[in-house]
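Taking it in order: structure first as structure tokens, then the write-up.
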Amino acid sequence: MVAFRDGDLYVAEVDKIWRYVDIEASLPLIPKPELVYDQLPNRRAHGWKYIDFGPDGQLYIPIGSPCNICDAGAPYARIVKVDLEEKVQTDVALGVRNSVGFDWHPTSGMLWFSDNGRDRMGDDIPDDEINVVTQLGQHFGYPYIHGGTVPDPDYGAGYDLTAYEQPVAKLGAHVAPLGIHFYRGSMFPEGYRHALFVAEHGSWNRSQKVGYQVNVLTVNDVQVIHNRPFVTGWLKGQKFSGRPVAFLELDDGSLLLSDDFAGVVYRISYPD
């Protein structure tokens, strides 16, 4: 994934972050990239890096678990932030199996993130999650507790449910939430202001498919008040035609949405 800051484009590999300085000045030629960080693990399982700069100016990077379920220890199953000038890495959230989407609440500034639950516990458990970081270093349960209440059959014995952070939203098992985005624009009706959009990529490992849609969550600073479908139609019966991935809000308030199955980018807008 990529991030853009002060005219520079940042591109994530599994284990490296590259910077293309002042990239628009040289287009259509692409400048030579600079390696700005290489202290990430190189395991490819859950290695996709959604990256973005936080309000503190540091680059936030998820490091997924290198397996379906295991206790791999550091540096896996967490979200970190990196000071690219000092090359200092700080843990933001622990016990995070596989997050590939996060955003900061527009008024509280708190980090919200999606997390994909483990497989091979059946069709209906554990839930995929939306979580909120209220202080650095909180633990969200993986691999011991899933969805805040479900002990893992292999690793959960003896672990206290109350020792871990509860998700603010349980989305259902295997819906695969990827990108999330707080709406900041004014094109959509007022009820969508600061609502959280969630791209559900869709199940690959469930007897009856679920997901393949965009949901919108009405929230306050640290709670989800309501969750409802926003864009549907990619899943008809057991056949799907699209898999939503991530959002980008344009200056006019419309939303771009990527689809890595159909190979397209949609623009979602409201008429005047």
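Just so we're aligned, residue 4 is where the sequence shown starts under the numbering used here, counting upward by one. Glycine included, C-beta positions come from ideal geometry on N, C-alpha and C. Only a predicted model underlies this, so the values are computations on that prediction, with no experimental measurement involved.
In the DSSP assignment, the beta strand (DSSP E) including residue i goes from what residue to what residue?
i, result
"Val222", "216–222"
"Leu251", "247–252"
"Ser261", "258–262"
"His229", "227–234"
"Glu37", "37–40"
"Trp107", "105–107"
"Trp115", "114–118"
"Asp131", "131–136"
"Asp86", "81–86"
"Ile20", "20–23"
"Leu12", "11–15"
"Arg8", "5–8"
Hey, how far is the Cα of residue i from the Cα of residue j?
i, j, result
"Glu89", "Ala166", "33 Å"
"Ile72", "His149", "11 Å"
"Leu43", "Pro170", "26 Å"
"Tyr145", "Val99", "6 Å"
"Arg196", "Ala160", "42 Å"
"Val85", "Tyr63", "6 Å"
"Val14", "Thr93", "20 Å"
"Asp254", "Met124", "43 Å"
"Val219", "Val24", "35 Å"
"Ile26", "Val95", "29 Å"
"Asp41", "Glu16", "9 Å"
"Glu132", "Gln226", "13 Å"
"Val136", "Asp11", "28 Å"
"Arg81", "Gly50", "12 Å"
"His229", "Trp207", "26 Å"
"Glu168", "Gln141", "7 Å"
"Pro192", "Arg270", "16 Å"
"Ala172", "Gly194", "19 Å"
"Val213", "Gly240", "10 Å"
"Gly3", "Pro274", "The structure shown does not extend to residue 3, since the chain spans only 4 to 275, so no value can be given for it."
"His177", "Ser102", "13 Å"
"Val153", "Asp9", "43 Å"
"Ile66", "Pro156", "23 Å"
DSSP on residue i, reduced to helix/strand/coil?
i, result
"Ala166", "helix"
"Ile64", "strand"
"Ile148", "strand"
"Gly194", "helix"
"Ala28", "helix"
"Asp126", "coil"
"His184", "strand"
"Arg270", "strand"
"Trp207", "coil"
"Leu238", "strand"
"Val95", "strand"
"Gly50", "coil"
"Lys173", "strand"
"Asp275", "coil"
"Asp55", "strand"
"Pro154", "strand"
Can you round the beta-carbon distance between residue i and residue j to whole angstroms, since I take them to be within the 8 Å contact cut?
i, j, result
"Tyr162", "Asp74", "With a Cβ gap of about 11 Å, Tyr162 and Asp74 do not count as contacting."
"Ala265", "Gly236", "About 12 Å separates the two Cβ atoms, so there is no contact after all."
"Tyr53", "Gly104", "6 Å"
"Leu32", "Trp21", "Not quite, the Cβ-Cβ distance comes to about 16 Å (not below 8 Å), so this is no contact."
"Trp107", "Pro58", "6 Å"
"Pro69", "Ala48", "5 Å"
"Leu174", "Phe143", "Between Phe143 and Leu174 the Cβ distance is about 14 Å, and since that is not below 8 Å, they are no contact."
"Tyr215", "Phe243", "5 Å"
"Ser272", "Met190", "6 Å"
"Gly205", "Ala179", "6 Å"
"Leu164", "Ser117", "Wrong, their Cβ atoms sit about 21 Å apart, outside the cutoff."
Hey, does residue i have any beta-carbon neighbour from chain D nearer than 9 Å?
i, result
"Glu27", "Absence of chain D from the displayed structure is noted, only one protein chain being present."
**Cβ contact check for the segment 249–258 and the segment 200–219: 3 or more pairs under 8 Å** = yes
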